[in-house]
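Undergrad:
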Amino acid sequence: MRGRFLQCRMFPELQAADSPLLQHLNPEQRAAVTLPNEHALILAGAGSGKTRVLTTRIAWLLSTGQVSPGGVMAVTFTNKAAKEMMTRLSAMLPVNVRGMWIGTFHGLCNRFLRAHYKLANLPQSFQILDTQDQLSAIKRLMKQHNVDEERFPAKETQWFIAGCKEDGLRPGDVEVRSEEDRRKVEIYQLYEEQCQREGVVDFGELMLRSYELMRDNGPIREHYQRRFRHILIDEFQDTNRLQYAWIKMFAGDPTGTSGSSNAVFAVGDDDQSIYAFRGARVGNMADFVREFQVAHQIKLEQNYRSYSNILDSANALISHNRTRLGKNLRTDQGPGEPVRVYEAPTDLAEAQWMVEELRHLVRGEGTSEGIPRHEIAILYRSNAQSRVIETALFNAAVPYRVYGGLRFFERAEIKHALAYLRLLENPQDDTSFLRVVNFPPRGIGARSVEQLQDAARAARCSLHDAVSATTGKAGANLGAFVAKIDVLREQTQNLSLREIIDLVLQHSGLVEHYKTEREGADRIENLEELVNAAESFVTQEGFGRDAVALPVDELRQSPASQGLDANLPQLNEPAPDYVPPDAETGETLSPLAAFLTHAALESGDNQAQAGQDAVQLMTVHSAKGLEFDCVFVSGLEEGLFPSERSMSDYEGLEEERRLMYVAITRARKRLYLSYSQTRLLHGQTRYNIKSRFFDELPEHALKWLTPKNQNFGGSAFGFGSGYPSTRHAGGGLPRDLAPGHFASPPVPAQKAAPSHGLRSGMQVFHAKFGEGTVLMLEGSGDDARAQINFPRHGIKWLALSVAKLTPVA
DNA sequence: CGGCCTTAATTTTTT
DNA sequence: ATTAAGGCCG
Numbered sequence: 001m002r003g004r005f006l007q008c009r010m011f012p013e014l015q016a017a018d019s020p021l022l023q024h025l026n027p028e029q030r031a032a033v034t035l036p037n038e039h040a041l042i043l044a045g046a047g048s049g050k051t052r053v054l055t056t057r058i059a060w061l062l063s064t065g066q067v068s069p070g071g072v073m074a075v076t077f078t079n080k081a082a083k084e085m086m087t088r089l090s091a092m093l094p095v096n097v098r099g100m101w102i103g104t105f106h107g108l109c110n111r112f113l114r115a116h117y118k119l120a121n122l123p124q125s126f127q128i129l130d131t132q133d134q135l136s137a138i139k140r141l142m143k144q145h146n147v148d149e150e151r152f153p154a155k156e157t158q159w160f161i162a163g164c165k166e167d168g169l170r171p172g173d174v175e176v177r178s179e180e181d182r183r184k185v186e187i188y189q190l191y192e193e194q195c196q197r198e199g200v201v202d203f204g205e206l207m208l209r210s211y212e213l214m215r216d217n218g219p220i221r222e223h224y225q226r227r228f229r230h231i232l233i234d235e236f237q238d239t240n241r242l243q244y245a246w247i248k249m250f251a252g253d254p255t256g257t258s259g260s261s262n263a264v265f266a267v268g269d270d271d272q273s274i275y276a277f278r279g280a281r282v283g284n285m286a287d288f289v290r291e292f293q294v295a296h297q298i299k300l301e302q303n304y305r306s307y308s309n310i311l312d313s314a315n316a317l318i319s320h321n322r323t324r325l326g327k328n329l330r331t332d333q334g335p336g337e338p339v340r341v342y343e344a345p346t347d348l349a350e351a352q353w354m355v356e357e358l359r360h361l362v363r364g365e366g367t368s369e370g371i372p373r374h375e376i377a378i379l380y381r382s383n384a385q386s387r388v389i390e391t392a393l394f395n396a397a398v399p400y401r402v403y404g405g406l407r408f409f410e411r412a413e414i415k416h417a418l419a420y421l422r423l424l425e426n427p428q429d430d431t432s433f434l435r436v437v438n439f440p441p442r443g444i445g446a447r448s449v450e451q452l453q454d455a456a457r458a459a460r461c462s463l464h465d466a467v468s469a470t471t472g473k474a475g476a477n478l479g480a481f482v483a484k485i486d487v488l489r490e491q492t493q494n495l496s497l498r499e500i501i502d503l504v505l506q507h508s509g510l511v512e513h514y515k516t517e518r519e520g521a522d523r524i525e526n527l528e529e530l531v532n533a534a535e536s537f538v539t540q541e542g543f544g545r546d547a548v549a550l551p552v553d554e555l556r557q558s559p560a561s562q563g564l565d566a567n568l569p570q571l572n573e574p575a576p577d578y579v580p581p582d583a584e585t586g587e588t589l590s591p592l593a594a595f596l597t598h599a600a601l602e603s604g605d606n607q608a609q610a611g612q613d614a615v616q617l618m619t620v621h622s623a624k625g626l627e628f629d630c631v632f633v634s635g636l637e638e639g640l641f642p643s644e645r646s647m648s649d650y651e652g653l654e655e656e657r658r659l660m661y662v663a664i665t666r667a668r669k670r671l672y673l674s675y676s677q678t679r680l681l682h683g684q685t686r687y688n689i690k691s692r693f694f695d696e697l698p699e700h701a702l703k704w705l706t707p708k709n710q711n712f713g714g715s716a717f718g719f720g721s722g723y724p725s726t727r728h729a730g731g732g733l734p735r736d737l738a739p740g741h742f743a744s745p746p747v748p749a750q751k752a753a754p755s756h757g758l759r760s761g762m763q764v765f766h767a768k769f770g771e772g773t774v775l776m777l778e779g780s781g782d783d784a785r786a787q788i789n790f791p792r793h794g795i796k797w798l799a800l801s802v803a804k805l806t807p808v809a
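Under full-length UniProt numbering, think of the first position of the first sequence as 1, with each following residue one higher.
So this is what it looks like as structure tokens:
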């Protein structure tokens with residue numbers, strides 16, 4: 001016994017064979033979990049047990065004594081992923097996960113900056129601007145500096161600033177090539193000064209400032225580089241430039257030649273990279289392999305989620321992408337059901353078909369037993385598509401839940417309440433000041449606010465501080481407002497968080513204001529919910545898991561950080577002896593400041609009508625990481641999915657294809673793909689052809705529920721021939737749709753058909769451009785125009801009243 | 001100052 | 001079609 005134990009301590013890997021941690025892993029997963037302490041890239045396909053590998057890896061490292069809890073950093077993108085990791089980890093090991101650095105990039109940055117706020121040149125209770133706050137701060141600044149919003153839209157400026165930060169560029173680092181650039185950089189500079197003056201940081205700033213502090217402060221850098229022996233990153237394909245640089249900073253010398261490098265364990269899937277539009281760089285994967293000389297690359301290709309018809313479809317589709325690292329999902333489960341494909345005449349008919357279909361599924365016809373509604377998801381490319389579907393679901397009285405939209409902490413009434421709270425914590429926060437200075441209305445108009453802003457600028461102080469200098473009637477109102485805030489601050493000095501919020505809600509006049517509003521009842525309810533949120537923040541979670549600075553030395557010595565079971569081996573490496581100078585013990589954030597941080601970093605649930613067993617509606621993007629027994633992917637039409645905006649360039653198209661890949665791989669048992677010939681978009685009927693992605697799916701795995709529309713085999717004008725009926729084509733499943741279920745006539749598209757007789761997908765001949773395919777049709781009568789793809793001349797828009805087009809048989 | 005009307009935009013989203 | 005935001009008038 002004793003000898004064996006010693007052996008294990010000296011050779012942790014000898015525990016591999018019989019560790020219960022490894023019991024249910026496949027060989028690849030096991031190999032990944034038990035890799036030596038070196039850099040590794042795990043290519044984890046959809047449904048291959050990625051999270052499991054990540055958490056088991058941590059558990060493995062801890063239980064074999066290769067690292068102490070304090071020596072682990074695990075980074076995710078979403079709070080949900082971080083929470084799941086902590087939950088699963090604590091289920092595996094008796095370890096206090098709260099003491100570990102497991103969190104989102106931004107959550108960890110926040111923690112880091114709170115601990116070193118002085119070195120980071122921030123007030124301890126700095127507040128975090130969300131995207132809305134950032135935009136309004138930029139708008140305000142641009143107005144004040146008379147920047148022409150025509151030439152420099154605030155949204156674009158925001159995008160520019162965020163982009164600069166993501167690339168690690170301060171105003172001085174940005175390359176200026178034009179007068180316009182110069183102006184943009186100038187605004188960027190002013191924005192930075194404004195944030196600094198107000199003691200607020202945006203999301204990008206959390207990352208960038210942490211990165212810079214690590215880069216520029218030797219002792220801090222050395223401390224953290226010595227501390228985190230293992231750095232694990234989830235969804236690595238979604239990291240941006242700055243996040244990658246940030247990781248490198250914590251990892252230390254990437255090649256490890258100086259012996260100071262920590263092991264970076266990156267898990268990702270290049271085929272699921274769908275966030276390039278917000279700065280994600282798949283290229284970080286290849287860079288990582290090169291720069292860190294990654295010796296261990298493991299592919300997790302065994303899929304535990306879907307049947308092979310679904311996986312074959314996903315594999316075939318994604319194989320059309322040229323830029324990929326290469327990976328093929330496989331399963332031991334049989335082929336399962338075919339992937340069902342449906343063509344509808346209209347978007348409404350498509351929605352009604354889905355509703356009808358899912359009602360059968362819920363009732364259990366066609367399957368052995370009914371599928372619970374929450375196991376059915378309807379996915380779409382863009383949010384605008386949900387409306388029709390919602391209408392159909394609503395009319396059929398099917399409970400549903402739409403994801404996306406405003407989250408709890410983003411609601412106007414909540415942001416108003418938070419603005420009051422933020423002013424208590426930090427009167428310099430002009431963004432919050434402006435949000436509520438006249439809300440509820442208290443006679444302070446734009447004019448007075450402008451004067452106040454001028455005064456503040458002249459005195460180089462905050463709006464709050466500038467009020468005392470303002471006179472007149474407006475000054476009186478302003479004075480009353482500031483006095484109210486200041487009195488509240490006094491009154492709330494020694495109150496609990498709950499009492500503070502209660503008091504603020506009472507005295508701000510928010511509740512009273514919403515009482516008079518027509519739809520104010522919901523808002524009041526939400527405000528009450530805010531009190532509950534604060535309550536549970538304080539009690540349940542133990543406030544400040546992310547928000548409160550955990551002094552580093554305390555963390556290292558506290559029993560919590562040693563939270564391993566006594567049976568577990570001790571850590572191998574000595575504890576770091578350096579304690580950063582400004583991480584003074586015991587200096588914590590007030591509960592209020594912590595709660596405000598929590599609100600900014602975790603914007604809360606975004607789902608309405610919880611509770612009921614409901615069908616899930618969401619965009620493909622928000623479905624990433626989820627799985628369902630049954631999935632409908634709707635609106636598979638050229639111009640929609642792939643989206644029009646991404647069709648022009650190859651990279652955009654590849655990202656759309658990856659998006660489609662994500663959509664397909666969400667399904668466990670049953671997958672439906674559908675499209676509609678016509679769709680109401682922006683108030684106009686659009687005529688679409690089916691998505692090119694259908695051509696990239698394997699015929700053997702598909703089952704067409706409607707006759708496959710082969711580019712209109714019938715008469716040149718195609719009506720009647722290529723048209724679908726509302727009855728499904730073939731055998732067995734699903735049953736006939738009762739005719740009465742459709743509000744619209746069986747072939748509504750016929751009615752909607754334009755006079756020119758063209759239809760998307762049709763082959764036409766043009767005297768100059770030759771033969772081409774109609775992609776899209778728009779307008780009617782003299783305004784009608786068609787988008788046509790001419791193989792030799794590209795995609796063109798032609799006015800039908802001018803162009804001579806002949807249908808080709 | 002506040003309500004009403006015109007105007008323009010309209011992929012995808014987390015922190 | 002729908003909505004949000006900004007401008008204008010009472």
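C-beta: ideal position from N, C-alpha, C; glycine also.
Return the residue from the list PRO440, THR51 and ARG229 that minimises the CA-CA distance to ARG88.
TA: The residue given as residue 88 occupies position 88 in the first sequence. The residue with the shortest Cα to Cα distance from ARG88 is THR51.
Undergrad: Could you name the residues of the same chain whose beta carbon sits closer than 8 Å to that of PRO440, not counting the 5 residues immediately before and after it, in chain order?
TA: As a working note, residue 440 is residue 440 in the first sequence. Answer for PRO440: SER508, GLY509, LEU510, GLU512 and HIS513, listed in chain order.
Undergrad: In whole angstroms, give me the CA-to-CA distance for TYR672 and TYR342.
TA: Residue 672 sits at position 672 when you count from the first residue of the first sequence. Residue 342 sits at position 342 when you count from the first residue of the first sequence. Those two C-alpha atoms are separated by around 8 Å.
Undergrad: Is the distance from the Cβ of TYR400 to the Cβ of ALA614 below 8 Å?
TA: Locating residue 400 in the first sequence gives position 400, counting from the first residue. Locating residue 614 in the first sequence gives position 614, counting from the first residue. In contact: TYR400 and ALA614 (Cβ atoms closer than 8 Å).
Undergrad: Starting from ASP133 and walking both ways along the alpha helix (DSSP H), at which residues does that stretch end?
TA: Counted from its first residue, the first sequence places residue 133 at position 133. ASP133 -> alpha helix (DSSP H) spans 131 to 144.
Undergrad: Exposed or buried, GLY103, counting other C-beta atoms within 10 Å across all chains shown (16 or more means buried)?
TA: Position 103 of the first sequence, counted from the start, is the residue given in the question as residue 103. Looking at its Cβ environment, which holds 16 or more other Cβ atoms inside 10 Å, GLY103 is buried.
Undergrad: Using DSSP with H/G/I as helix, E/B as strand and the rest coil, what is LEU550?
TA: Taking the first sequence and counting its residues from 1, one reaches residue 550 at position 550. Confidence in LEU550 is poor, its pLDDT being 42 and thus under 50, which makes the residue's placement unreliable; the coordinate value appears in the next sentence. Three-state DSSP puts LEU550 in coil, outside helix and strand.
Undergrad: Taking the alpha-carbon of LEU626 as reference, which of GLU638, ARG666, THR588 and ALA600 has the nearest alpha-carbon?
TA: Along the first sequence, one-based indexing puts residue 626 at 626. Considering only alpha carbons, the answer is ARG666.
Undergrad: With which residues is PRO807 paired in a DSSP beta bridge?
TA: Here the question's residue 807 lines up with position 807 in the first sequence. According to DSSP, PRO807 bridges with VAL764.
Undergrad: So LYS50 is in the alpha helix (DSSP H); what residue range does that whole segment cover?
TA: On the first sequence, position 50 is the one that residue 50 refers to. Element bounds for LYS50: 50 to 63.
Undergrad: Give the list of continuous alpha helix (DSSP H) stretches no shorter than 4 residues that lie fully inside the stretch 271 to 341.
TA: Correct list: 283 to 291 and 308 to 318.
Undergrad: Any chance the stretch 74 to 86 sits against the stretch 166 to 186, with 3 or more Cβ pairs inside 8 Å?
TA: Cβ pair count under 8 Å is below three, so no.
Undergrad: Write down the C-beta distance between VAL75 and ASP234 rounded to the nearest angstrom, noting that I regard them as a contact closer than 8 Å.
TA: As a working note, residue 75 is residue 75 in the first sequence. As a working note, residue 234 is residue 234 in the first sequence. Yes, VAL75 and ASP234 are in contact; Cβ-Cβ is about 7 Å, under 8 Å.
Undergrad: Assuming the contact rule is C-beta atoms closer than 8 Å, ASP271 and TYR661 should be a hit. Round their C-beta distance to whole Å, please.
TA: Reading the first sequence from its first residue, position 271 is the one you call residue 271. Reading the first sequence from its first residue, position 661 is the one you call residue 661. Indeed, because the Cβ distance is near 6 Å, the residues count as touching under 8 Å.
Undergrad: Between the alpha carbons of HIS39 and VAL362, how many angstroms are there, rounded?
TA: Taking the first sequence and counting its residues from 1, the one referred to as residue 39 is at position 39. Taking the first sequence and counting its residues from 1, the one referred to as residue 362 is at position 362. Spanning the two alpha carbons is a distance of roughly 47 Å.
Undergrad: Among the candidates GLU337, ILE378 and VAL355, whose CA atom is the shortest distance from the CA of SER368?
TA: To locate residue 368, count along the first sequence from 1; it is residue 368. Out of GLU337, ILE378 and VAL355, GLU337 has the C-alpha closest to the C-alpha of SER368.
Undergrad: For ALA244, which residues in the same chain have their Cβ closer than 6 Å to its Cβ, ignoring the five residues on either side in sequence?
TA: Sequence index remark: in the first sequence, residue 244 carries index 244 (1-based). According to the sequence as given, residue 244 is Tyr; it is not Ala. ASN284, listed in sequence order.
Undergrad: Between which two residues does the beta strand (DSSP E) harbouring LYS669 extend?
TA: In the first sequence, the residue the question calls residue 669 occupies position 669. LYS669 -> beta strand (DSSP E) spans 667 to 681.
Undergrad: Kindly give me the distance between the Cβ atoms of GLN144 and ARG457, rounded to whole angstroms, as I take these residues to be in contact under 8 Å.
TA: Within the first sequence, residue 144 is the residue found at index 144, counting from 1. Within the first sequence, residue 457 is the residue found at index 457, counting from 1. The Cβ separation is near 7 Å, so the contact holds.
Undergrad: Cβ of GLY71 within 8 Å of Cβ of ARG229?
TA: Here residue 71 refers to the residue found at position 71 of the first sequence. Here residue 229 refers to the residue found at position 229 of the first sequence. Cβ atoms of GLY71 and ARG229: closer than 8 Å.
Undergrad: Assuming THR693 and LEU636 form a contact by the criterion Cβ under 8 Å, report the distance between their Cβ atoms to the nearest whole angstrom.
TA: Your numbering for residue 693 matches position 693 in the first sequence. Your numbering for residue 636 matches position 636 in the first sequence. First, the amino acid is wrong: residue 693 is Phe here, not Thr. Between LEU636 and PHE693 the Cβ distance is about 6 Å, and since that is below 8 Å, they are a contact.
Undergrad: Do the stretch 89 to 102 and the stretch 288 to 302 meet, that is, are 3 or more Cβ pairs less than 8 Å apart?
TA: Touching, no, given that fewer than three Cβ pairs across the two stretches are closer than 8 Å.
Undergrad: For SER386, does the three-state DSSP call read helix, strand or coil?
TA: Residue numbering aside, residue 386 sits at position 386 when the first sequence is read from its first letter. Note: SER386 maps to helix in three-state DSSP.
Undergrad: Counting only the same chain and skipping the five closest in sequence on each side, list residues whose C-beta sits under 7 Å from that of GLU696.
TA: As a position in the first sequence, residue 696 is number 696, starting the count at 1. Taken in chain order, the residues that qualify are ALA316, LEU317 and HIS320.
Undergrad: Pull the bridge partners of LYS690 from the DSSP assignment, please.
TA: The residue labelled residue 690 in the question sits at position 690 within the first sequence. According to DSSP, which records beta bridges pairwise, LYS690 is partnered with GLU637.
Undergrad: Since VAL200 is in the beta strand (DSSP E), which residue starts that stretch and which ends it?
TA: Counting from one through the first sequence, the residue named residue 200 turns up at place 200. Segment 200 to 202, the beta strand (DSSP E) holding VAL200.
Undergrad: I need the boundaries of the beta strand (DSSP E) containing ALA120, first residue and last residue.
TA: Walking along the first sequence from the start, residue 120 turns up at place 120. Neither: ALA120 is in no beta strand (DSSP E) and is coded neither H nor E.
Undergrad: Kindly list the residues whose CB is nearer than 7 Å to the CB of ARG668, restricted to its own chain and excluding five residues on each side of it in sequence; keep chain order.
TA: Start at 1 with the first residue of the first sequence, and residue 668 comes out as number 668. So the qualifying residues of the chain are ARG305, SER306, GLU627, PHE628 and ASP629.
Undergrad: When DSSP builds the beta bridges, which residues end up paired with VAL402?
TA: For the purposes of this step, residue 402 is taken as residue 402 along the first sequence, with counting starting at 1. Answer is LEU617, bridged to VAL402.
Undergrad: Would you tell me roughly how many angstroms separate the C-alpha atoms of ALA480 and PHE160, rounded to the nearest one?
TA: By one-based count along the first sequence, residue 480 stands at place 480. By one-based count along the first sequence, residue 160 stands at place 160. Whole-angstrom Cα-Cα distance: 38 Å.
Undergrad: Which value, in whole angstroms, describes the spacing of the CA atoms of PHE595 and ASN26?
TA: Here residue 595 refers to the residue found at position 595 when the first sequence is read from its first residue. Here residue 26 refers to the residue found at position 26 when the first sequence is read from its first residue. Distance between the alpha carbons of PHE595 and ASN26 is about 42 Å.
Undergrad: Would you report the Cα separation of TYR188 and LEU406, rounded to the nearest angstrom?
TA: Along the first sequence, one-based indexing puts residue 188 at 188. Along the first sequence, one-based indexing puts residue 406 at 406. Cα-Cα distance, rounded: 28 Å.
Undergrad: Measuring straight from C-alpha to C-alpha, what distance separates MET142 and HIS682?
TA: Looking up residue 142 in the first sequence gives position 142. Looking up residue 682 in the first sequence gives position 682. Near 31 Å, if we compare the C-alpha coordinates of HIS682 and MET142.
Undergrad: Sorted by chain position, which residues of the same chain lie with C-beta nearer than 8 Å to GLU517's C-beta, five sequence neighbours on each side aside?
TA: Locating residue 517 in the first sequence gives position 517, where the first residue counts as 1. Around GLU517: ARG523.
Undergrad: Work out the CA separation of TRP246 and CYS109 for me, nearest whole Å.
TA: Reading the first sequence from its first residue, position 109 is the one you call residue 109. Reading the first sequence from its first residue, position 246 is the one you call residue 246. For CYS109 and TRP246, the distance between alpha carbons rounds to 10 Å.
Undergrad: Does the stretch 161 to 174 touch the stretch 420 to 436, meaning 3 or more C-beta pairs lie closer than 8 Å?
TA: Output reads no: the stretch 161 to 174 does not touch the stretch 420 to 436.
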